[in-house]
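Down below is the structure, laid out as structure tokens.
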Amino acid sequence: MDPLRKNVSWIAGSSLIACTFMYIVEQGLDINYAIKTLIKIILFLSIPVLYAVRIKNKSIRWLSKRKQQPTDGLALSIGLGILSFACILLTYAVLQRFIDLERISADLQTDLGITPRTFIFVALYVTFGNSLLEEYFFRGFVFLEMYKEGYRTSAYVFSSVLFGLYHIAIFQSWFPLPLMILALAGLIGVAFVFNWLDAKSGTFVNSWVVHIFADTAIVLIGFRIFGIL
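Numbered per the numbering used here, the sequence shown spans residues 1 to 229.
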């Protein structure tokens, strides 16, 4: 097999296995949020490292090297982040009557062990830690590595669809089917924008900035769900 195709196949296969495993963890295992988070961290960090060391025969430091400066396009990222923040809150305001907030609150507390008291810590992690982990994996590893191998269209499509489908594991029991399809389409569309930002700069920092703004809006909705705001 052509070395480039072999690399891309490894990226696609390993990331698909990782997301499938996380779906099983999210939907099939009765464990709390902290343990699920630990599993996700180990999985999303170890696969890129394994790729660098075993497939590319590089050191771990190679993963963080990018030709362009991380600040390339940062102003655009901030602008898009503010726009995404506003769009998420506006969408919630329009569709909230179709969302069972009490059910989501009950699921978070019963299934994940997240309470109003602990939600502030979860919110901080989701906004800064989880967003960084997802950008490192979906953009820094899946998209940019496939993109650099010359499979640009595949990189855009595969990483975006995978990013959207991965999140089904989180919200599939919260929303009715029409809203779930709408959310999935939105996630895939946003992922395309994230990819475009990172293709221009060669780093996942720019998409991470937008992701932080988006997650901040989601966290504010979470405070509303728990009756904190």
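Positions of the beta carbon are idealized from the N, C-alpha and C atoms, including for glycine.
Alpha carbons only, please: which of the options is nearest the one belonging to residue i?
{"i": "Val-161", "options": "Leu-177, Leu-187 and Ala-169", "result": "Leu-187"}
{"i": "Tyr-92", "options": "Ala-183, Val-210, Phe-204 and Val-209", "result": "Ala-183"}
{"i": "Leu-80", "options": "Asn-57, Val-209 and Ile-228", "result": "Val-209"}
{"i": "Thr-127", "options": "Ala-217, Leu-76 and Phe-194", "result": "Ala-217"}
{"i": "Trp-174", "options": "Thr-153, Phe-98, Asn-130 and Ala-185", "result": "Phe-98"}
{"i": "Phe-194", "options": "Arg-224, Val-157 and Gly-222", "result": "Val-157"}
{"i": "Ile-190", "options": "Phe-138, Arg-152, Pro-178 and Ile-114", "result": "It should be noted that the sequence gives Val, not Ile, for residue 190. Val-190 has its Cα closest to that of Phe-138, out of Phe-138, Arg-152, Pro-178 and Ile-114."}
{"i": "Gln-27", "options": "Val-142, Ile-35 and Ile-170", "result": "Ile-170"}
{"i": "Arg-224", "options": "Ile-31, Leu-45, Thr-115 and Ala-75", "result": "Thr-115"}
{"i": "Gly-113", "options": "Arg-5, Met-22 and Ile-31", "result": "Ile-31"}
{"i": "Asp-215", "options": "Lys-6, Leu-29 and Leu-89", "result": "Leu-89"}
Tell me which same chain residues have a C-beta within less than 6 Å of the C-beta of residue i, skipping the five on either side of it?
{"i": "Ile-47", "result": "Ser-14 and Ala-18"}
{"i": "Tyr-166", "result": "Cys-19"}
{"i": "Trp-10", "result": "Ile-55"}
{"i": "Lys-36", "result": "Val-25"}
In whole angstroms, what is the alpha-carbon distance linking residue i and residue j?
{"i": "Pro-176", "j": "Pro-3", "result": "44 Å"}
{"i": "Thr-20", "j": "Ile-41", "result": "15 Å"}
{"i": "Arg-66", "j": "Gly-140", "result": "Legend: pLDDT at Arg-66 = 49, less than 50; position of this residue unreliable, value from coordinates given subsequently. Between Arg-66 and Gly-140, the C-alpha separation is close to 10 Å."}
{"i": "Ser-84", "j": "Arg-103", "result": "26 Å"}
{"i": "Asp-100", "j": "Ile-78", "result": "32 Å"}
{"i": "Leu-38", "j": "Arg-117", "result": "20 Å"}
{"i": "Val-25", "j": "Leu-229", "result": "30 Å"}
{"i": "Asp-107", "j": "Val-142", "result": "31 Å"}
{"i": "Ser-154", "j": "Gly-164", "result": "15 Å"}
{"i": "Asn-130", "j": "Val-49", "result": "18 Å"}
{"i": "Leu-144", "j": "Ser-159", "result": "9 Å"}
{"i": "Leu-45", "j": "Ile-181", "result": "29 Å"}
{"i": "Leu-43", "j": "Phe-121", "result": "22 Å"}
{"i": "Ala-52", "j": "Ala-34", "result": "28 Å"}
Once you ignore the five residues that flank residue i on each side, which residues in its own chain have a CB closer than 7 Å to its CB?
{"i": "Ala-199", "result": "Tyr-147"}
{"i": "Gly-73", "result": "Leu-197, Lys-200, Ser-201 and Asn-206"}
{"i": "Gln-68", "result": "In this prediction, Gln-68 scores a pLDDT of 48, lower than 50, which makes its location untrustworthy; no coordinate-derived value is stated."}
{"i": "Tyr-151", "result": "Val-8"}
{"i": "Gly-222", "result": "Phe-119 and Ala-123"}
{"i": "Gln-230", "result": "The structure shown does not extend to residue 230, since the chain spans only 1 to 229, so no value can be given for it."}
Residue i and residue j look like a contact to me (Cβ under 8 Å); what is the Cβ gap, rounded to whole Å?
{"i": "Ser-105", "j": "Phe-213", "result": "In fact, because the Cβ distance is near 24 Å, the residues do not count as touching under 8 Å."}
{"i": "His-211", "j": "Glu-134", "result": "7 Å"}
{"i": "Leu-179", "j": "Leu-95", "result": "7 Å"}
Below 8 Å CB to CB, which residues in the same chain sit around residue i once its five sequence neighbours on both sides are set aside?
{"i": "Val-219", "result": "Ala-123, Val-126 and Thr-127"}
{"i": "Ile-82", "result": "Phe-213"}
message: List, from N- to C-terminal side, the alpha helix (DSSP H) runs of 4 residues or more that fit wholly inside the stretch 117-174.
response: 119-124, 131-134, 144-148, 152-166 and 168-171
Length-filtered (4 minimum) alpha helix (DSSP H) runs lying within the stretch 26-112: 33-50, 74-95 and 101-111
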